[in-house]
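First comes the structure, then the notes that go with it.
2 protein chains.
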Amino acid sequence: MERDTSELFEEFKELTASEFFRRNKQMLGFSGKIRSLTIVFHELITNSLDACEEAGILPDITIELKRLGKDHYLLKHADNGPGIPEDYITKVYCQMFAGSKFRNIQSRGQQGLGCSGCVLLSQMTTGQPVTIRSRYKDGDQIKGVEMKVKLDVKKNTGIILDRKEFETERTGSGIEIEFKDVSYSMSEQGAYEYIRRTVIGNPHARIVFKDPTGRKYTFERATDKIPPLPQEVLPHPKGVTADDIIYLCKSTNKKRFKNLLMDSLSRVSLKKIKEIEEATGIDMNKRPKSITWKEAEMVVEQFDKIKFMAPPTNGLKPIGSDQIEKGINEILLPEFSTALTRKPQAYRGGVSFIVEVGLAYGGKSGRKVGNSRKAEIMRFANRVPLTFDQGSCAITEALKSIDWRRYGIGELDNAPISVFVNIISTNVPYLSTGKQSVAPEEEIVREIRQATMKIARKLEKYLRAKKAAKNEEMRAKIFEDMVPVVIKQCALLAEKEIPDYEKVMDEVTHKAKIMDMKNRLQQPEIEAKEVIVEEPKMRVKEEILEDEQLQ
Amino acid sequence: MERDTSELFEEFKELTASEFFRRNKQMLGFSGKIRSLTIVFHELITNSLDACEEAGILPDITIELKRLGKDHYLLKHADNGPGIPEDYITKVYCQMFAGSKFRNIQSRGQQGLGCSGCVLLSQMTTGQPVTIRSRYKDGDQIKGVEMKVKLDVKKNTGIILDRKEFETERTGSGIEIEFKDVSYSMSEQGAYEYIRRTVIGNPHARIVFKDPTGRKYTFERATDKIPPLPQEVLPHPKGVTADDIIYLCKSTNKKRFKNLLMDSLSRVSLKKIKEIEEATGIDMNKRPKSITWKEAEMVVEQFDKIKFMAPPTNGLKPIGSDQIEKGINEILLPEFSTALTRKPQAYRGGVSFIVEVGLAYGGKSGRKVGNSRKAEIMRFANRVPLTFDQGSCAITEALKSIDWRRYGIGELDNAPISVFVNIISTNVPYLSTGKQSVAPEEEIVREIRQATMKIARKLEKYLRAKKAAKNEEMRAKIFEDMVPVVIKQCALLAEKEIPDYEKVMDEVTHKAKIMDMKNRLQQPEIEAKEVIVEEPKMRVKEEILEDEQLQ
Numbered sequence: 001m002e003r004d005t006s007e008l009f010e011e012f013k014e015l016t017a018s019e020f021f022r023r024n025k026q027m028l029g030f031s032g033k034i035r036s037l038t039i040v041f042h043e044l045i046t047n048s049l050d051a052c053e054e055a056g057i058l059p060d061i062t063i064e065l066k067r068l069g070k071d072h073y074l075l076k077h078a079d080n081g082p083g084i085p086e087d088y089i090t091k092v093y094c095q096m097f098a099g100s101k102f103r104n105i106q107s108r109g110q111q112g113l114g115c116s117g118c119v120l121l122s123q124m125t126t127g128q129p130v131t132i133r134s135r136y137k138d139g140d141q142i143k144g145v146e147m148k149v150k151l152d153v154k155k156n157t158g159i160i161l162d163r164k165e166f167e168t169e170r171t172g173s174g175i176e177i178e179f180k181d182v183s184y185s186m187s188e189q190g191a192y193e194y195i196r197r198t199v200i201g202n203p204h205a206r207i208v209f210k211d212p213t214g215r216k217y218t219f220e221r222a223t224d225k226i227p228p229l230p231q232e233v234l235p236h237p238k239g240v241t242a243d244d245i246i247y248l249c250k251s252t253n254k255k256r257f258k259n260l261l262m263d264s265l266s267r268v269s270l271k272k273i274k275e276i277e278e279a280t281g282i283d284m285n286k287r288p289k290s291i292t293w294k295e296a297e298m299v300v301e302q303f304d305k306i307k308f309m310a311p312p313t314n315g316l317k318p319i320g321s322d323q324i325e326k327g328i329n330e331i332l333l334p335e336f337s338t339a340l341t342r343k344p345q346a347y348r349g350g351v352s353f354i355v356e357v358g359l360a361y362g363g364k365s366g367r368k369v370g371n372s373r374k375a376e377i378m379r380f381a382n383r384v385p386l387t388f389d390q391g392s393c394a395i396t397e398a399l400k401s402i403d404w405r406r407y408g409i410g411e412l413d414n415a416p417i418s419v420f421v422n423i424i425s426t427n428v429p430y431l432s433t434g435k436q437s438v439a440p441e442e443e444i445v446r447e448i449r450q451a452t453m454k455i456a457r458k459l460e461k462y463l464r465a466k467k468a469a470k471n472e473e474m475r476a477k478i479f480e481d482m483v484p485v486v487i488k489q490c491a492l493l494a495e496k497e498i499p500d501y502e503k504v505m506d507e508v509t510h511k512a513k514i515m516d517m518k519n520r521l522q523q524p525e526i527e528a529k530e531v532i533v534e535e536p537k538m539r540v541k542e543e544i545l546e547d548e549q550l551q
Numbered sequence: 001m002e003r004d005t006s007e008l009f010e011e012f013k014e015l016t017a018s019e020f021f022r023r024n025k026q027m028l029g030f031s032g033k034i035r036s037l038t039i040v041f042h043e044l045i046t047n048s049l050d051a052c053e054e055a056g057i058l059p060d061i062t063i064e065l066k067r068l069g070k071d072h073y074l075l076k077h078a079d080n081g082p083g084i085p086e087d088y089i090t091k092v093y094c095q096m097f098a099g100s101k102f103r104n105i106q107s108r109g110q111q112g113l114g115c116s117g118c119v120l121l122s123q124m125t126t127g128q129p130v131t132i133r134s135r136y137k138d139g140d141q142i143k144g145v146e147m148k149v150k151l152d153v154k155k156n157t158g159i160i161l162d163r164k165e166f167e168t169e170r171t172g173s174g175i176e177i178e179f180k181d182v183s184y185s186m187s188e189q190g191a192y193e194y195i196r197r198t199v200i201g202n203p204h205a206r207i208v209f210k211d212p213t214g215r216k217y218t219f220e221r222a223t224d225k226i227p228p229l230p231q232e233v234l235p236h237p238k239g240v241t242a243d244d245i246i247y248l249c250k251s252t253n254k255k256r257f258k259n260l261l262m263d264s265l266s267r268v269s270l271k272k273i274k275e276i277e278e279a280t281g282i283d284m285n286k287r288p289k290s291i292t293w294k295e296a297e298m299v300v301e302q303f304d305k306i307k308f309m310a311p312p313t314n315g316l317k318p319i320g321s322d323q324i325e326k327g328i329n330e331i332l333l334p335e336f337s338t339a340l341t342r343k344p345q346a347y348r349g350g351v352s353f354i355v356e357v358g359l360a361y362g363g364k365s366g367r368k369v370g371n372s373r374k375a376e377i378m379r380f381a382n383r384v385p386l387t388f389d390q391g392s393c394a395i396t397e398a399l400k401s402i403d404w405r406r407y408g409i410g411e412l413d414n415a416p417i418s419v420f421v422n423i424i425s426t427n428v429p430y431l432s433t434g435k436q437s438v439a440p441e442e443e444i445v446r447e448i449r450q451a452t453m454k455i456a457r458k459l460e461k462y463l464r465a466k467k468a469a470k471n472e473e474m475r476a477k478i479f480e481d482m483v484p485v486v487i488k489q490c491a492l493l494a495e496k497e498i499p500d501y502e503k504v505m506d507e508v509t510h511k512a513k514i515m516d517m518k519n520r521l522q523q524p525e526i527e528a529k530e531v532i533v534e535e536p537k538m539r540v541k542e543e544i545l546e547d548e549q550l551q
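Sequences listed follow chains A and B, in order. Residue numbers are given in full-length UniProt numbering: position 197 of the first sequence equals residue 197, and the series is strictly consecutive. Residue numbers are given in full-length UniProt numbering: position 469 of the second sequence equals residue 469, and the series is strictly consecutive.
Here you go:
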């Protein structure tokens with residue numbers, strides 16, 4: 001039975017972004033009770049850290065999670081960031097695909113989906129509005145405004161239900177938001193572990209978290225240094241497509257094509273413009289709007305041929321290998337640790353990125369599974385912990401491609417190690433709107449692989465040295481056992497008195513030690529660094545608050 | 001240095017869905033040259049199969065891929081579906097989040113992103129418009145219209161550059177679309193393998209594919225049965241949230257709440273309405289628009305308490321275990337194969353789904369890696385092959401959770417088996433807009449696991465029987481070797497003449513065979529089915545077209 005075409009199109013619909021994600025909330029990462037709550041923490045913390053960083057403020061975040069009933073929670077989240085101007089509040093919290101992060105800047109968020117996603121989930125599960133409190137600078141004044149808002153799914157905009165002003169002396173923003181069908185957990189994928197990892201990746205942040213059982217955790221900052229302001233990095237010509245040029249031409253108010261190119265791209269000088277003009281014959285003084293696809297393609301072809309300086313990387317701010325090692329040592333108390341921050345590289349031709357890796361062996365490294373410890377992979381992108389969807393991630397792919405046996409630790413899965421990987425970029429190529437895994441771009445995978453192999457070699461040297469030391473000890477022991485016998489026999493042979501064992505032994509072992517020292521000094525390539533574990537300076541303070549216990 | 005709040009919001013932007021995906025094309029699955037082209041095939045084939053199925057037409061798809069230059073291709077794709085009415089052409093091909101599949105119906109597409117995603121990619125890489133040809137029924141007539149269209153990214157709409165009508169006698173739609181930066185490959189993730197798997201999952205489809213080297217592959221249909229029309233399935237009350245009810249109330253033109261519930265949900269009768277009215281005290285004759293969140297929550301609470309018939313499943317059309325086995329046998333020529341279509345189940349309370357599994361052992365089962373064969377997992381959702389992002393998929397998770405050693409095949413990875421899993425549902429919970437993996441919803445993972453264990457048990461029995469047969473053969477051989485000796489010794493003991501070995505042997509082995517038969521008949525539980533591999537009836541015809549060779 002064939003059906004009429006028009007009949008088939010009766011149900012044709014056009015959705016707003018909010019309607020689309022309402023139907024597909026798992027694409028925002030909201031699937032499963034534990035995961036959904038972790039994603040909410042992720043979006044709000046990420047937003048606070050970004051806001052503070054952009055404004056040059058040391059982040060101070062307070063989070064309180066109250067249990068209101070079974071799978072029903074109230075979350076209060078506040079930061080000391082710059083706040084949000086009143087006109088933008090509904091755009092930030094109630095509009096999908098709206099945000100200030102669509103630039104070439106290193107930031108944790110980059111999609112304009114996070115906060116509105118949380119509001120959508122709250123509304124879908126509780127029907128309640130959300131309370132936003134913003135304290136922001138307006139000229140010389142600091143204004144305070146509190147709003148109750150809802151998200152109009154059909155229009156992808158916000159509805160203000162209530163609004164009042166209040167007086168305040170500091171900036172910051174806060175949200176009170178209710179959820180049902182979510183659940184708090186201490187598991188690896190739960191909200192607590194998310195905060196713990198955030199602190200590893202962001203040693204400059206201070207987070208106070210009151211959990212639903214009344215426990216209050218204070219994660220103190222490990223450094224008081226304000227991280228450098230991230231800077232916008234213009235796209236590099238080698239990473240630009242003809243479509244990008246056409247898009248720039250359509251959006252600009254520049255009058256001349258050459259000015260557009262020089263102002264919108266990095267490393268394009270007047271000299272380069274002349275080179276392009278000569279090679280293509282395109283009049284570089286043309287109005288950008290008149291540039292054709294063909295011409296854009298010719299320009300891109302020249303970009304490919306001409307030599308440019310490498311993409312600027314001053315916009316990229318890595319954590320730094322010292323800080324990573326500090327974080328790892330403090331939390332994992334490992335026997336051996338090392339970290340490495342690599343030089344910037346570029347993927348897709350012109351998007352620069354930096355890979356940072358860390359490795360910890362022994363101590364609390366790895367995940368505890370039953371009685372043994374298995375490998376733990378801690379993935380980060382722009383310092384944000386990635387908790388889910390590890391299977392398809394560039395980081396997982398790179399680590400799995402390494403032949404770990406060459407580094408003396410057999411199968412990766414069963415090694416008692418923690419591997420830390422952080423990718424820094426102005427444009428992390430996430431695989432999905434849930435931002436939990438990084439697309440396996442060839443250059444990124446290769447760079448992670450090489451960085452990890454480099455530090456794995458250090459681990460291997462450490463393990464080899466450790467084994468050698470053990471062997472030497474064993475040999476020494478055998479020697480010690482033999483000495484009295486040899487001495488006795490020698491004395492008998494020489495028909496002398498048997499000397500005092502202890503004295504001879506002391507002499508012999510002293511000489512052996514000196515020889516050992518000399519040997520070691522002659523092998524400078526073995527420079528495995530052993531971590532001296534002092535009493536751990538715990539950054540985490542845990543208290544149980546009596547009056548709020550088990551509410 | 002603190003920055004002013006307003007300064008931070010200078011760059012605040014609102015994007016259209018097209019602009020968003022232009023910046024994040026990897027979220028549509030477009031990352032990497034091979035993968036990008038496979039995704040294009042996926043979107044176009046999927047769309048054709050859906051269109052034909054909805055119209056009750058046996059699909060006949062022709063695809064031609066021409067190489068125009070390095071990483072530069074022209075794709076011509078056409079089907080015999082119902083076509084697209086002129087008014088909808090730009091909506092289907094040039095608007096994100098627009099489509100006819102936002103219903104509770106089993107269809108391959110469900111997001112309204114596929115076709116417009118392909119047009120976006122074409123435009124981003126070539127700047128060229130796309131040619132659409134639609135032949136559709138308009139009343140008694142069949143109209144033919146050809147359009148050249150572009151996608152206006154900033155507005156998320158289409159622009160018609162050229163339009164002409166043509167005469168035609170049949171329905172169908174076709175597209176001519178150019179791509180750069182993509183690449184055709186015969187690898188497992190390439191376009192050819194995608195078509196091959198599509199044919200396994202859709203034995204009713206005929207696909208003719210001309211590849212860039214001039215080879216023409218004809219995949220004939222294995223069955224002429226028109227698959228049953230998929231039907232819209234109303235949501236089941238057990239899977240409905242308060243938010244869903246509020247959404248229904250806002251969108252309806254029904255005058256009474258009870259009529260809205262009975263017409264929009266399955267299994268809600270007047271009797272159930274009365275039960276709800278009595279339990280909640282809500283006037284079920286109220287206008288839907290006046291229903292509050294509290295009331296909606298009360299109704300959902302009652303939905304949870306009241307017993308309803310299971311969700312209707314007549315809208316779900318599985319492939320069927322016979323067809324799956326046929327497909328597997330034809331392509332893998334296995335030593336053993338089995339398949340199973342399970343009964344419908346529901347996830348998230350009320351979304352019904354069916355799991356189908358198949359298993360092949362030996363022959364061409366598994367993937368060839370070097371000289372050995374490793375396990376191959378073929379994932380399908382609503383008959384569509386899932387090629388990428390297997391790591392996070394419910395299917396992978398379920399299969400990995402099985403202890404395969406219990407089924408006599410050691411580690412899954414190293415077994416020479418192919419596992420086929422298909423999930424049928426009106427709403428497959430994809431993890432991302434790229435639709436390459438299914439969210440690991442608890443009920444789905446459990447169902448795949450159980451279905452697979454059930455067929456794995458059959459494989460185990462087959463392997464056990466095979467081993468037993470081998471042992472028996474060995475025992476028989478030893479026996480055969482011993483017989484002459486025994487006969488000789490017996491004859492010597494009895495002081496008789498040594499009889500003719502051959503004759504005695506014949507008698508003995510005849511008796512043994514009869515005993516064996518009897519034994520087998522007494523063990524009916526071992527019913528492992530051995531596939532008799534005749535000459536393979538190849539559905540794939542391969543020709544090399546002379547005049548178009550290696551163009």
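Backbone N, C-alpha and C define an ideal beta-carbon position, used for all residues, glycine too.
In the DSSP assignment, what residue or residues form a beta bridge with residue i?
| i | result |
| --- | --- |
| Thr157 of chain A | A:Asp152 |
| Asn382 of chain A | Looking at the DSSP assignment, Asn382 of chain A forms no beta bridge with any residue, so it has no partner. |
| Met147 of chain A | A:Ile132, A:Arg163 |
| Gln345 of chain B | B:Phe353 |
Keeping to the same chain, check which residues put their C-beta closer than 8 Å to that of residue i; ignore five residues upstream and five downstream.
| i | result |
| --- | --- |
| Glu169 of chain A | Ile142 |
| Glu295 of chain B | Thr280, Ile282 |
| Ile331 of chain A | Arg196, Ile200, Lys364 |
Could one say the Cβ of residue i lies closer than 8 Å to chain A's Cβ atoms, at least one of them?
| i | result |
| --- | --- |
| Glu474 of chain B | It should be noted that the sequence gives Met, not Glu, for residue 474 of chain B. With 8 Å as the cut-off, Met474 of chain B does not count as an interface residue toward chain A. |
| Gln189 of chain B | no |
Sorted by chain position, which residues of the same chain lie with C-beta nearer than 6 Å to residue i's C-beta, five sequence neighbours on each side aside?
| i | result |
| --- | --- |
| Phe380 of chain A | Gly201, Asn422 |
Quick check: is the beta carbon of residue i nearer than 8 Å to any beta carbon in chain B?
| i | result |
| --- | --- |
| Leu58 of chain A | no |
| Asp152 of chain A | no |
| Gly127 of chain A | yes |
| Asp389 of chain A | yes |
Excluding five sequence neighbours on each side, which residues of the same chain lie with their C-beta closer than 7 Å to the C-beta of residue i?
| i | result |
| --- | --- |
| Glu167 of chain B | Gly144 |
So what does DSSP say about residue i, is it helix, strand or coil?
| i | result |
| --- | --- |
| Tyr184 of chain A | coil |
| Ala360 of chain A | strand |
| Ile207 of chain B | strand |
| Gly214 of chain A | coil |
| Thr338 of chain A | strand |
Below 8 Å on the Cβ atoms is my contact criterion, and I expect residue i with residue j to pass it. Report the Cβ-Cβ distance as a whole number of Å.
| i | j | result |
| --- | --- | --- |
| Val300 of chain A | Ala346 of chain A | 16 Å between Cβ atoms; not a contact. |
| Val351 of chain A | Ser425 of chain A | 6 Å |
| Glu460 of chain A | Tyr407 of chain A | 4 Å |
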